[in-house]
Amino acid sequence: MRKRFLPLILILCLFLTGCSLDIKSLFVKEEEVPLSNLSAEALYFDGKAAREKTKELITSAQKSIYVEQKIFSDPELKALIIQKAASGIEIRILLDQFETPNKTTLNEFKSNNISVQYYPAQKGQTNEAKFLIVDLREAMVYSFPWTEKGFNSHNLAVHLSERSAWKLASTVFNRDWIFTTTLSLDIPKTTELVEDNISVLANTNIKQKLLDQIQKSTTNIWIIVSHVTDSDILQALVDAAAKGVDIKLIVDSGIMPKSYQGDIESLQAAGVQIRYYDSSAHPPLEINVGIFDRQTFIFSSSGWGYKAFVMNHEVAILVPSPTASQELIVKFDQDWLNSSPTPPGQEPG
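Numbering of the sequence shown is given in my numbering, commencing with residue 832 and proceeding in unit increments.
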């Protein structure tokens, strides 16, 4: 009988002594986010290595190859696609309709009876999605287009080999194919692939997940992007800095602060540390990544501004992998050291 009253006695003692107690914490456990097992080896920071992995995946295809690209002009990859189509592999390709090199690619593929279409973006929009899916089992998500310049840029590609590859096909590519052609692809409703806890995001979902991660972060936020100009994202970073979160931001000096001096000043006033990547002196910056609390990263297809969040067709992945995040941090530290605390051509104040 006495044991039944022990919790009440404990609470009464705490009340009488003036101690506070979060009653909810006694009964409700904080929900833990399932982690991803994405490895450091799944990250490709070298364009040549990413290109070789791309060739390997295309060559290995047994059933299907789905491609969505802003620009596709790489001759060797085009030849591989044509070769696989001739062997009977199902090929589906979506390209941005406003990029001039895609016209040649589209005509070349159509002359080889390959199913290729322009993604029906409206004027002022671009299709920034850049990925490859093979046999609904493996995928590559790229920060850069399949061009010589893209593969030679300062870039990142991520290899997906579990359930997220199927998610990318079923929730993004199939939807885009239906939007373009009104026809659905024959993609199974379920898969036996192991859950890797990687979220596949598109369009407006990207901004919301970025805001969620910024607001949840308690220690560190490290970002390398072409630009950060969305007002909600800027305010969230300012608020996080006010809470004591260590925030480091690398931006492309060719975009910021040249056109967004006010945004830069508001971030600096809040205590955000900013450095500038000089794309005129180094390979062009083609990475858009945020790393949160050393545990999770979001890899998006464009910088964090109005066009990306409202107008364009964008794709991102949210990966709660401490292992992969640590590898990104190593690369971020290198970029931080190689970037300047002042914009190129501007003397330190």
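All C-beta atoms, glycine included, are put in the ideal place defined by N, C-alpha and C.
| Asked | Found |
| --- | --- |
| Would you please state the rounded distance, in angstroms, between the beta carbons of S992 and N1005? I believe it to be under 8 Å. | With 8 Å as the limit, S992 and N1005 do not qualify as a contact, their Cβ atoms being about 19 Å apart. |
| Could you please give the first and the last residue of the uninterrupted alpha helix (DSSP H) stretch that includes V1161? | 1153–1169 |
| Closest to S1110 by CA distance: which of T1154, T1022, Q1092, N983 is it? | N983 |
| In or out: N938 buried (at least 16 other Cβ within 10 Å) or exposed? | exposed |
| Where does Q948 fall in DSSP's three states? | strand |
| From which residue to which residue does the beta strand (DSSP E) around L1032 run? | 1030–1033 |
| Hey, N986 and I1118: beta-carbon distance below 8 Å or not? | yes |
| Tell whether a beta-carbon distance below 8 Å holds between E921 and A960. | no |
| Kindly indicate which three-state DSSP category P1175 falls into: helix, strand or coil? | coil |
| Please classify L1032 as buried or exposed, where buried requires at least 16 neighbouring CB atoms within 10 angstroms. | buried |
| For V1150 versus I1055, is the C-beta spacing smaller than 8 Å? | no |
| If we count the other Cβ atoms within 10 Å of its Cβ and call it buried at 16 or more, is V947 buried or exposed? | buried |
| Should Y897 be labelled buried (16 or more other beta-carbon atoms within 10 Å of its own) or exposed? | buried |
| Within 8 Å of any Cβ in chain C, is that where the Cβ of V965 sits? | In the displayed structure, chain C is absent; only one protein chain is listed. |
| Report all residues from its chain with a CB closer than 7 Å to the CB of A970; omit the five preceding and five following residues, and keep chain order. | F962, L963, I964, L991, A996, L999 |
| Output yes or no for whether 8 Å exceeds the beta carbon distance between S1132 and V1146. | yes |
| From the DSSP output, in three-state form, read off G1134 for me. | coil |
| Would Q775 and I1129 qualify as a contact pair, given that the criterion is a beta-carbon distance under 8 Å? | For the chain, the structure presents residues 832 to 1180; residue 775 sits outside this window and is missing. |
| Does DSSP classify D1109 as helix, strand or coil? | coil |
| Please say whether H1144 and A952 have beta carbons closer to each other than 8 Å? | yes |
| Does the beta-carbon of A1112 have 16 or more other beta-carbons within 10 angstroms, so that it is buried, or is it exposed? | exposed |
| Consult DSSP for G878 and reduce its assignment to one of helix, strand or coil. | helix |
| When burial is assigned at 16 or more other CB atoms within 10 Å of the CB, is Y1107 buried or exposed? | buried |
| Does DSSP put S1001 in a helix, in a strand, or in coil? | helix |
| Assuming Q893 and D966 form a contact by the criterion Cβ under 8 Å, report the distance between their Cβ atoms to the nearest whole angstrom. | 6 Å |
| Going by alpha carbons, who is nearest to L1181 out of I945, E1096, G878, K879? | Residue numbering for the chain in the displayed model covers 832 to 1180; residue 1181 lies beyond these limits and cannot be assessed. |
| Within 8 Å, do at least three Cβ pairs link the segment 1086–1097 to the segment 1045–1061? | yes |
| Report the rounded CA-to-CA distance for A873 versus T1154, giving the unit in angstroms. | 11 Å |
| Go to N933, then tell me how far its alpha helix (DSSP H) extends in each direction, as first and last residue. | 932–941 |
| Could you tell me the alpha carbon to alpha carbon distance between P906 and L1080, rounded to whole angstroms? | 36 Å |
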